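K.L.:
Residue numbers (UniProt numbering): 1 to 548. To start, I am sharing the structure in question, which I have written as structure tokens.
So this is what it looks like as structure tokens:
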């Protein structure tokens with residue numbers, strides 16, 4: 001039904017049908033073609049949850065462009081890398097959001113923008129030779145230097161552009177790159193996980209089937225960010241394939257807005273990370289709303305204690321709660337609950353391997369282990385990414401010649417095929433659903449002239465799952481009155497790296513206090529244990545070893 005509501009953006013007051021989303025997406029696709037973007041070019045979307053995000057997602061798919069999801073909290077250093085790494089040709093963004101002035105940040109990186117005429121987003125820059133266009137939406141008809149107005153772009157197409165779009169639509173193949181999602185790397189630099197149309201559509205199809213969307217009408221509350229695969233694949237794409245409706249409560253997560261959206265729209269399903277659900281259930285106005293419409297929900301993106309899952313079933317009525325496990329590199333879901341299992345059993349694991357995927361658990365030598373033993377989870381099948389954009393060497397490290405993807409996560413497979421996640425082999429911190437690699441933060445902190453050594457680890461946090469803790473050794477020749485404080489370090493990070501990467505805890509240490517192996521490598525596990533003890537976090541219940 002083309003007149004059925006597809007997306008609802010509560011804070012914008014926008015309700016769009018399937019037909020309207022298609023029409024708006026085609027207009028943007030035509031405008032992008034008119035600007036000179038060609039099949040295979042990279043189009044960045046740097047924005048919070050907004051209707052333009054969804055339109056851009058489909059416009060890119062229609063015109064054969066590769067959509068690049070840019071985290072809306074990225075600051076100068078991260079944006080610079082994101083543009084350069086995959087050769088973004090155009091970026092769509094609002095002028096600002098919350099404390100981030102997007103136009104100012106990108107103008108700092110590309111000063112030619114300020115020197116360009118108002119309302120004209122055609123850019124020539126030597127630092128980023130592939131970057132050509134900046135498109136700004138929601139700027140209230142104010143023309144900015146070096147920026148196209150989004151509404152103007154949607155109107156500037158011609159009949160010739162329409163012919164070009166028809167040709168492109170015929171040329172697009174299922175295995176073409178469709179989306180690049182940045183995922184942090186152990187080297188400290190984010191990697192561009194490149195997903196095909198085939199990856200995304202199939203994963204969304206089977207997530208929807210596991211969630212039961214093919215059996216009934218669903219109104220899905222999606223407070224998750226669209227730049228994350230939880231929002232754009234499990235949310236938008238799963239709804240599209242199964243002809244359901246997505247409700248976006250706010251541009252970024254607001255627990256009260258999510259509760260109000262569930263109440264006002266009679267949502268039948270709710271998505272969230274454990275942190276989101278904790279904030280919703282613990283909100284002082286939680287009891288003011290009606291949740292009787294809820295039948296199901298999905299929890300994923302971070303560790304989830306069984307106690308929280310029980311609360312979701314009892315207090316939010318998620319009788320059909322599904323637990324998921326996956327990675328950006330697998331489009332994202334690899335394991336998910338089966339609703340045929342009783343809720344009390346379902347919440348004790350991440351479920352079963354997804355339909356038409358293969359998985360095996362192996363020891364450190366790559367040998368398949370017995371059920372009940374701990375081993376690294378490997379996945380193979382339609383969901384495994386094409387690779388990391390421009391990083392063939394890194395791709396080969398993660399994906400074997402016969403296409404097994406190494407997740408780096410440690411699990412136990414039980415006799416019935418369900419899997420429990422028990423740890424990570426990768427040195428990753430999961431903070432409120434955000435995957436953060438310590439090396440990335442360490443490399444940035446090393447830029448401070450007074451920092452001699454640094455080690456970053458994750459420590460338990462009741463609300464966020466994990467918090468970031470940094471051990472810092474200052475240079476010896478710094479006078480006592482000039483030595484860094486915790487606030488100095490945090491101020492050094494603010495505006496340069498995303499807020500969620502700024503350490504919550506900073507412990508100043510001498511070099512001899514850093515535990516090391518005989519070869520001089522820092523023992524991260526020991527730093528983690530000592531940090532937990534020093535910070536008095538021994539009794540914090542939200543540990544990684546809880547279940548997803």
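Glycine included, every Cβ here is placed at the ideal spot set by N, Cα and C. Keep in mind the model is a prediction, meaning the values are calculated, not measured.
With DSSP as the reference, label residue 292 as helix, strand or coil.
P.N.:
Position 292 of the chain shown, counted from the start, is the residue given in the question as residue 292. Of the three classes helix, strand and coil, the one that applies to residue 292 here is coil, per DSSP.
K.L.:
What's the call for residue 223, buried or exposed, on a 16-neighbour Cβ count within 10 Å?
P.N.:
Numbered from its first residue, the chain shown carries residue 223 at position 223. Classification for residue 223: buried.
K.L.:
Identify whether residue 47 lies in helix, strand or coil by the three-state DSSP scheme.
P.N.:
Here residue 47 refers to the residue found at position 47 of the chain shown. Residue state, collapsed to three classes: coil.
K.L.:
So who's on the other strand from residue 455, going by DSSP bridges?
P.N.:
Working through the chain shown from its first residue, we reach residue 455 at position 455. Residue pairing from DSSP places residue 455 in a beta bridge opposite 471.
K.L.:
Is residue 156 helix, strand or coil when you go by DSSP?
P.N.:
Here residue 156 is taken as the residue at index 156 of the chain shown, counted from 1. Secondary structure at residue 156: coil, using DSSP grouped into helix, strand and coil.
K.L.:
Within 10 angstroms of its Cβ, does residue 10 collect 16 or more other Cβ (buried), or is it exposed?
P.N.:
Against the chain shown, residue 10 aligns to sequence position 10. So residue 10 counts as buried.
K.L.:
Quick one: residues in its chain with C-beta nearer than 6 Å to the C-beta of residue 35, no 5 flanking neighbours on either side, listed in chain order?
P.N.:
In the chain shown, residue 35 corresponds to position 35, counting from 1. The answer, listed in chain order, is 133.
K.L.:
Counting only the same chain and skipping the five closest in sequence on each side, list residues whose C-beta sits under 6 Å from that of residue 114.
P.N.:
On the chain shown, residue 114 is found 114 positions in, with the first residue counted as 1. Within the same chain, residue 114 has close Cβ partners 107 and 145.
K.L.:
Report all residues from its chain with a CB closer than 6 Å to the CB of residue 185; omit the five preceding and five following residues, and keep chain order.
P.N.:
Counting from one through the chain shown, the residue named residue 185 turns up at place 185. In this prediction, residue 185 scores a pLDDT of 48, lower than 50, which makes its location untrustworthy; no coordinate-derived value is stated.
K.L.:
Once you ignore the five residues that flank residue 429 on each side, which residues in its own chain have a CB closer than 7 Å to its CB?
P.N.:
Reading the chain shown from its first residue, position 429 is the one you call residue 429. Within the same chain, residue 429 has close Cβ partners 436, 438, 458, 466 and 468.
K.L.:
Considering residue 483, what are the terminal residues of the alpha helix (DSSP H) in which it resides?
P.N.:
For the purposes of this step, residue 483 is taken as the residue at position 483 of the chain shown. First-last for residue 483: undefined, no H or E at that position.
K.L.:
Let me know the secondary structure DSSP gives residue 499 once reduced to three states.
P.N.:
Against the chain shown, residue 499 aligns to sequence position 499. In this structure, residue 499 counts as helix in the three-state DSSP scheme.
K.L.:
On the CB-based measure, 16 or more other CB atoms within 10 Å of its CB, does residue 89 come out buried or exposed?
P.N.:
As a position in the chain shown, residue 89 is number 89, starting the count at 1. Counting Cβ neighbours within 10 Å, residue 89 comes out buried, since at least 16 surround it.
K.L.:
Can you check whether the CB of residue 374 is closer than 8 Å to the CB of residue 410?
P.N.:
Counting from 1 along the chain shown, the entry for residue 410 is found at position 410. Counting from 1 along the chain shown, the entry for residue 374 is found at position 374. Taking C-beta atoms as the reference points, residue 410 and residue 374 count as a pair closer than 8 Å.
K.L.:
With a Cβ-Cβ cutoff of 8 Å, do residue 271 and residue 221 count as a contact?
P.N.:
To locate residue 271, count along the chain shown from 1; it is residue 271. To locate residue 221, count along the chain shown from 1; it is residue 221. Closer than 8 Å, so yes.
K.L.:
Which one of 216, 23, 477 and 506 has the shortest CA to CA distance from residue 491?
P.N.:
Sequence index remark: in the chain shown, residue 491 carries index 491 (1-based). Checked all of 216, 23, 477 and 506; the closest Cα to residue 491 is 506.
K.L.:
Report yes if the C-beta distance between residue 79 and residue 109 is below 8 Å; otherwise report no.
P.N.:
Walking along the chain shown from the start, residue 79 turns up at place 79. Walking along the chain shown from the start, residue 109 turns up at place 109. Yes, Cβ-Cβ distance for residue 79 and residue 109 is below 8 Å.
K.L.:
Examine the Cβ distances between the segment 388 to 403 and the segment 56 to 63 and report whether three or more of them are shorter than 8 Å.
P.N.:
no
K.L.:
Using the beta-carbon count (16 or more within 10 Å), is residue 178 buried or exposed?
P.N.:
For this step, residue 178 is matched to residue 178 along the chain shown. With 16 or more other Cβ atoms within 10 Å, it is buried.
K.L.:
How many angstroms separate the CA atom of residue 284 from the CA atom of residue 313?
P.N.:
Residue mapping note: residue 284 aligns to position 284 of the chain shown, counting from 1. Residue mapping note: residue 313 aligns to position 313 of the chain shown, counting from 1. If I take the Cα positions, the gap works out to 19 Å.
K.L.:
What residue does the beta strand (DSSP E) around residue 221 start on, and which one ends it?
P.N.:
By one-based count along the chain shown, residue 221 stands at place 221. Per DSSP, residue 221 belongs to the beta strand (DSSP E) from 219 to 221.
K.L.:
Is it the case that the segment 92 to 102 contacts the segment 189 to 204, given that we only count it when at least three CB pairs across the two stretches are under 8 Å?
P.N.:
Taking 8 Å as the limit for Cβ pairs, the verdict is that the segment 92 to 102 does not touch the segment 189 to 204.
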